[in-house]
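>
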Amino acid sequence: MLLEVRNLSAGYKSQGKEIEAVKNVSFSLDENDFLGIAGESGCGKSTLLFSILRLLKRPGEIFDGEVFFKGEDILKMDEETLRKKRWKEFSLVTQSAMNALNPVYKIKDQIMDVILEHSDYTKIEALEIIERVLQMVGIQKERMDSYPHQLSGGMKQRVAIAMALVFSPSLVVMDEPTTALDVVVQRSIMEQIDEIRNTNKFSMIFVTHDISLLFEISKRIAIMYAGELVELGQTKQVYLNPLHPYTSGLINSFPKLTKETKEYKGIPGKIPDLSKPIIGCSFKERCQNRKELCNTRPEFKEVIPGRWVACHFPL
Amino acid sequence: MSFSPIISFENITKKFPVRKGFKVQYVHAVRDVSLDVFPGEIISIVGESGCGKTTLLRLLSRIYVEDEGKIVYGSEIVPKKFKRKEELEFRRKVQMIFQDPFSSLNPVKKVHQILGRPLELQKLNNIDERIYEALEEVELTPPKNFINKYPHELSGGERQRVVIARAIITKPSVILADEPTSMLDVSIRAGIMKLMLKIRDDFNTTYLHVTHDLAAARYISDRVAVMYAGMLLEECTADDIVLEPLHPYTQLLRKAAPDPDRLVSEKLGYTGEVPNLITPPKGCPFEPRCKYAMKKCKNFVPPYFRVNKRKVKCFLYEKNN
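Protein sequence lines correspond, in order, to chains A and B. First residue of the first sequence: 1182, per my numbering; consecutive thereafter. First residue of the second sequence: 6, per my numbering; consecutive thereafter.
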C-alpha cells in the first residue's frame, strides 16, 4: 500500500468560526493506482488534496487524522524530511500552469531548478533529464529555451506535468490539470499521461469537477459531498451501479453523449452550510429516500470488497 | 418551423486590430460566416476557445459591429448604429444570458431592481406583476421570497435563474445564451437546461446557444453549427453531430468529448494546434491538422457541400454534389 489516509479532518478557522471542509476521510491507494476524486465546488476536494500533501496554508488547518505514505506519517514528519520527499517521492500538478510557471525564466531553467535543488546531478546530467521528460509529455527539445508566454496553454500544462515527473515519483497528485483547456487538448494530455503511466508506473490522484471525464478515464473513483467521502469503488462499477443516492443523482445530472437521454435530471436543493454542524447524513435534505434513521450519521463502510459507501439505505 | 428565418447572418466577417509598435495587425475572429436561424429553433454553436463563437453572438447583440456582411433580423437588416427607438425595440426582442452568474448581476441591486430595470427602460406597465410572473416562469417560487434578495444571498443556480428571468422579462423572441451552464455545478446544470427548454416550449423562443460541451449541445438543441478558427465548418442536426460527424474537425471534437459509456477508447495521438488567427491559413483552416488534407486544401477555402440536407465545408464531400 502506497498511501493510507485515516480519519483525516481539515478545514478553515477564521473570526472564531470553524469550517470543517474535510470530515473524517479515510481511503487508501495502492501502487500504480489511479484514483479520481469527484465532487462539486465547495465539497472539499482541493482541501483534501492539500492536506494530504501538507500544503494547506493558513487559515487552513489539519484538525485530526493520519496520512501514511510508504508507512510514514506525513503529518508528523519534520519540515526538512518532508521537503526532501517533495518532487522525489510525490509531486503536485495544479490547475493553472499558466500562473504556476515563472514568466521570466526559460522552461529548462525552471525544471533545472527543481532537479538541482533535490538531487546531486550536474547541470549536464540535468539537461539530459529535462530533455527526456519533455519528450515524454510531447514537447520537442527545441522548445526548452522558450519562455512560458511563448507556449500555448496546453503546452504550459504539459511542462507542469513534465516537472512533476522528473524524479519519477511514486505518487502524482493532479488538481484539475486540464480544466482550463479545450476538449481536444485535454484528451491528448490525458492520453499522454496514460502512456507515461504504462511505462513508468506511478500512482495518481486526480481531482476534477468534470465528472463525465473522470468516469471515463479513472480506475477507481471517490465521490465527495460536503466534506465527506460518500462512495468509493471501481469506476465502472460505480458508474453502472451507484449505491449512494448522491452518486446516482450526479450520474444522471450530465447529458450522455451517446445514450438516449431519458433520465437526465439534476439534484434538487443545494449543498449544506458547512459552518453549521450537520446532524446525521449530510445529503438527507436533498435525498428522496430519506427515513428516520438518516438523522444519525451513516458510517463510511465497505459493503462489498473494494466498495465503500456512507448511506443507511444504499440503492 | 416556418420557412423564413428569424435571423440570418450573411457572409459576416469581423477582425480585431492588435497594435504591435507602429504596425497594426488584425485578428480574424470571424470569417465569412453565414447562418440561418428559424423561429422556435435552438441552435448550438460549438467549438473550442478562440474559434469565434462568442464573437458571433456579440455581433448579433451589437456589442460588436461586423466589418463585412450583414445580419438580418425578421425582414430588416440590423443597423450598424441604432437610433434610440430602434435600439429599444431590438433590445426588447433580443436578449442575452451570460456565462458567469456571479459577475453578470449587479451586487448592490436587489432582484426586484435587477428585473424591473429593463421594464422601466422599455416604459412598460404593470412592472411588479410582470416581475412576479417572470420569477414564477423561472421556477423561483414563491417569488416574494426572492424579490428582496441581493445576488450574494442566492446560490449559483438561483442566480442563473435570475439572469434568465431578466432575459425573458421583456418577452423576447430571441435569446442569446453564451455557455449558460458551464460555470454551474453539475447537479444544477440539468435544471437550467430544462428551464431553457420549457421557456422555448411555452413562448416559442429562439435560442442561439454557444457551448463547448458536445453532450449538452446534443441534449438541448435542434441543430448544431461547428466553428473553427473563425469559420463555420459544418451545420447539421444535433443527433448527426454525435452519431455521424462529417467534417474531420467535427470528428476530432467528437472523439475528444468525454464519454463514460465509451467501451474502447480510440487514440487521438498528436493533433496539432489551433492556427494563429493573425495570419490564418490561406486555404481550409483545419488543413494543417487534417489527416485527409489534399493539395487543394492548402490553397483554397472549400465551399459548402451538401450531404443529405447537411452543410459541410470540406473538399472530401465534393463528389457528392
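C-beta: ideal position from N, C-alpha, C; glycine also.
Cα separation between residue 6 of chain B and residue 1364 of chain A?
By one-based count along the second sequence, residue 6 of chain B stands at place 1. By one-based count along the first sequence, residue 1364 of chain A stands at place 183. Residue placement at residue 6 of chain B cannot be trusted, given a pLDDT of 47 that sits under 50; the coordinates are not used to answer.
> Among A:1492, A:1291 and A:1390, which residue has its Cα nearest to the Cα of residue 1225 of chain A?
For this step, residue 1225 of chain A is matched to residue 44 along the first sequence. The residue with the shortest Cα to Cα distance from residue 1225 of chain A is A:1390.
> Based on DSSP bridge pairs, tell me the residues matched to residue 1406 of chain A.
Counting from one through the first sequence, the residue named residue 1406 of chain A turns up at place 225. Paired residues: A:1409.
> Based on the DSSP secondary-structure assignment, which residues constitute the bridge partners of residue 33 of chain B?
As a position in the second sequence, residue 33 of chain B is number 28, starting the count at 1. DSSP lists B:20 as partners of residue 33 of chain B.
> For the beta strand (DSSP E) containing residue 1351 of chain A, list its first residue and its last residue.
The residue you call residue 1351 of chain A lines up with position 170 of the first sequence. Neither: residue 1351 of chain A is in no beta strand (DSSP E) and is coded neither H nor E.
> Excluding sequence positions up to five away, which residues of its chain have a Cβ less than 6 Å from the Cβ of residue 1324 of chain A?
Counting from 1 along the first sequence, the entry for residue 1324 of chain A is found at position 143. Closer than 6 Å at Cβ, skipping near neighbours: no residue.
> DSSP three-state call for residue 1302 of chain A: helix, strand or coil?
By 1-based counting over the first sequence, the position of residue 1302 of chain A is 121. If DSSP states are grouped into helix, strand and coil, residue 1302 of chain A belongs with coil.
> Comparing the C-beta of residue 53 of chain B with each C-beta of chain A, is any distance below 8 Å?
The count along the second sequence starts at 1 and reaches residue 53 of chain B at position 48. Interface residue, yes.
> Which residues bound the alpha helix (DSSP H) around residue 294 of chain B?
In the second sequence, the residue the question calls residue 294 of chain B occupies position 289. Element bounds for residue 294 of chain B: n/a, residue is neither H nor E.
> Assign residue 176 of chain B to one of three DSSP states: helix, strand, or coil.
Within the second sequence, numbered from 1, the residue matching residue 176 of chain B stands at position 171. Residue 176 of chain B: coil per DSSP, three-state reduction.
> Figure out for me which residue from B:130, B:114, B:183 and B:189 has the closest Cα to the Cα of residue 155 of chain B.
Along the second sequence, read from residue 1 onward, the residue named residue 155 of chain B stands at position 150. It is B:114.
> Is the separation between the beta-carbon of residue 316 of chain B and that of residue 239 of chain B shorter than 8 Å?
In the second sequence, the residue the question calls residue 316 of chain B occupies position 311. In the second sequence, the residue the question calls residue 239 of chain B occupies position 234. Against a cut-off of 8 Å, the Cβ pair of residue 239 of chain B and residue 316 of chain B comes out as a contact.
> Any residues in the segment 1345 to 1363 of chain A with a beta carbon nearer than 7 Å to a beta carbon of chain B? Which ones, in chain order?
1363
> Could you tell me the boundaries of the alpha helix (DSSP H) in which residue 1226 of chain A lies?
For the purposes of this step, residue 1226 of chain A is identified with residue 45 of the first sequence, where counting begins at 1. That run of the alpha helix (DSSP H) goes 1226 to 1233.
> If you check the beta carbons only, do residue 279 of chain B and residue 26 of chain B fall under 8 Å apart?
Residue numbering aside, residue 279 of chain B sits at position 274 when the second sequence is read from its first letter. Residue numbering aside, residue 26 of chain B sits at position 21 when the second sequence is read from its first letter. No; because the gap between Cβ atoms is not below 8 Å, this pair is not in contact.
> Which chain A residues sit within Cβ distance under 8 Å of residue 96 of chain B?
Position 91 of the second sequence holds residue 96 of chain B. In chain order: nothing, as chain A lies at least about 31 Å away.
> Give, in chain order, every residue of the segment 1415 to 1441 of chain A whose Cβ lies closer than 7 Å to some Cβ of chain B.
1420, 1430, 1431, 1434, 1435, 1436, 1437, 1438, 1439 and 1440
> Do you know offhand how far residue 264 of chain B's Cα is from residue 1398 of chain A's?
Translated into the one-based positions of the second sequence, residue 264 of chain B becomes position 259. Translated into the one-based positions of the first sequence, residue 1398 of chain A becomes position 217. Computed Cα separation, rounded: 9 Å.
> Kindly list, in the order they appear in chain B, the residues whose Cβ is closer than 8 Å to that of residue 1365 of chain A.
Looking up residue 1365 of chain A in the first sequence gives position 184. Near residue 1365 of chain A (Cβ distances below 8 Å), the residues of chain B are 53, 257, 258, 261, 273 and 276.
> Determine the closest residue to residue 1189 of chain A out of A:1217, A:1245, A:1219 and A:1220, with distance taken between C-alpha atoms.
On the first sequence, residue 1189 of chain A is found 8 positions in, with the first residue counted as 1. Among A:1217, A:1245, A:1219 and A:1220, the Cα nearest to that of residue 1189 of chain A is on A:1245.
> Which value, in whole angstroms, describes the spacing of the CA atoms of residue 1459 of chain A and residue 1465 of chain A?
Residue 1459 of chain A sits at position 278 when you count from the first residue of the first sequence. Residue 1465 of chain A sits at position 284 when you count from the first residue of the first sequence. Whole-angstrom Cα-Cα distance: 10 Å.
> Is residue 1215 of chain A close to chain B, meaning its C-beta is less than 8 Å from at least one C-beta of that chain?
Position 34 of the first sequence, counting from 1, holds the residue named residue 1215 of chain A. Cβ-Cβ to chain B under 8 Å: no for residue 1215 of chain A.
> What residue does the beta strand (DSSP E) around residue 1245 of chain A start on, and which one ends it?
Indexing the first sequence from 1 puts residue 1245 of chain A at position 64. Residues 1241 to 1250.
> Taking the alpha-carbon positions, what's the residue 104 of chain B to residue 1305 of chain A distance?
Your numbering for residue 104 of chain B matches position 99 in the second sequence. Your numbering for residue 1305 of chain A matches position 124 in the first sequence. Each residue's Cα considered, the two are about 49 Å apart.
> Residue 230 of chain B versus chain A: which residues are under 8 Å apart at the beta carbon?
Numbered from its first residue, the second sequence carries residue 230 of chain B at position 225. Neighbours of residue 230 of chain B on chain A: none; closest Cβ ~17 Å, over 8 Å.
> Rounded to the nearest angstrom, what separates residue 1275 of chain A and residue 1282 of chain A at their Cα positions?
Residue numbering aside, residue 1275 of chain A sits at position 94 when the first sequence is read from its first letter. Residue numbering aside, residue 1282 of chain A sits at position 101 when the first sequence is read from its first letter. So the alpha carbons of these two residues sit roughly 11 Å apart.
> Under 7 Å Cβ-Cβ, which residues of chain A neighbour residue 193 of chain B?
The count along the second sequence starts at 1 and reaches residue 193 of chain B at position 188. Chain A residues near residue 193 of chain B: 1447.
> Please report whether the beta-carbon of residue 219 of chain B lies at a distance below 8 Å from any beta-carbon of chain A.
Stepping through the second sequence from its first residue, residue 219 of chain B is reached at position 214. For residue 219 of chain B, the answer is yes, since a Cβ of chain A falls inside 8 Å of its Cβ.
> Any beta carbon of chain B sitting closer than 8 Å to that of residue 1387 of chain A?
On the first sequence, position 206 is the one that residue 1387 of chain A refers to. False, the Cβ-Cβ gap to chain B never drops below 8 Å.
> Compare the beta carbon distance of residue 310 of chain B and residue 292 of chain B with 8 Å and say whether it is the shorter of the two.
As a working mapping, residue 310 of chain B is identified with position 305 in the second sequence. As a working mapping, residue 292 of chain B is identified with position 287 in the second sequence. For residue 310 of chain B and residue 292 of chain B, no; Cβs fall outside 8 Å.
> Taking the alpha-carbon of residue 45 of chain B as reference, which of B:294, B:102 and B:207 has the nearest alpha-carbon?
For the purposes of this step, residue 45 of chain B is taken as the residue at position 40 of the second sequence. Here the closest residue by C-alpha is B:207.
> Can you tell me which of the three DSSP states residue 316 of chain B falls into?
Residue 316 of chain B sits at position 311 when you count from the first residue of the second sequence. For residue 316 of chain B, the secondary structure class from DSSP, reduced to helix, strand or coil, is strand.
> Which of the residues in the segment 1468 to 1491 of chain A, read from start to end, lie with their CB under 7 Å from any CB of chain B?
none
> Would you say residue 17 of chain B and residue 76 of chain B are within 8 Å of each other, going by their C-beta atoms?
Translated into positions along the second sequence, residue 17 of chain B becomes position 12. Translated into positions along the second sequence, residue 76 of chain B becomes position 71. A contact, by the Cβ cut-off of 8 Å.
> Decide yes or no for the touch test of the segment 1262 to 1273 of chain A against the segment 1206 to 1216 of chain A: beta carbon pairs closer than 8 Å, at least 3 of them.
no
> Please identify the residue among B:165, B:225, B:262 and B:40 whose C-alpha is closest to the C-alpha of residue 110 of chain B.
Here residue 110 of chain B is taken as the residue at index 105 of the second sequence, counted from 1. Checking every option, the nearest Cα to that of residue 110 of chain B belongs to B:165.
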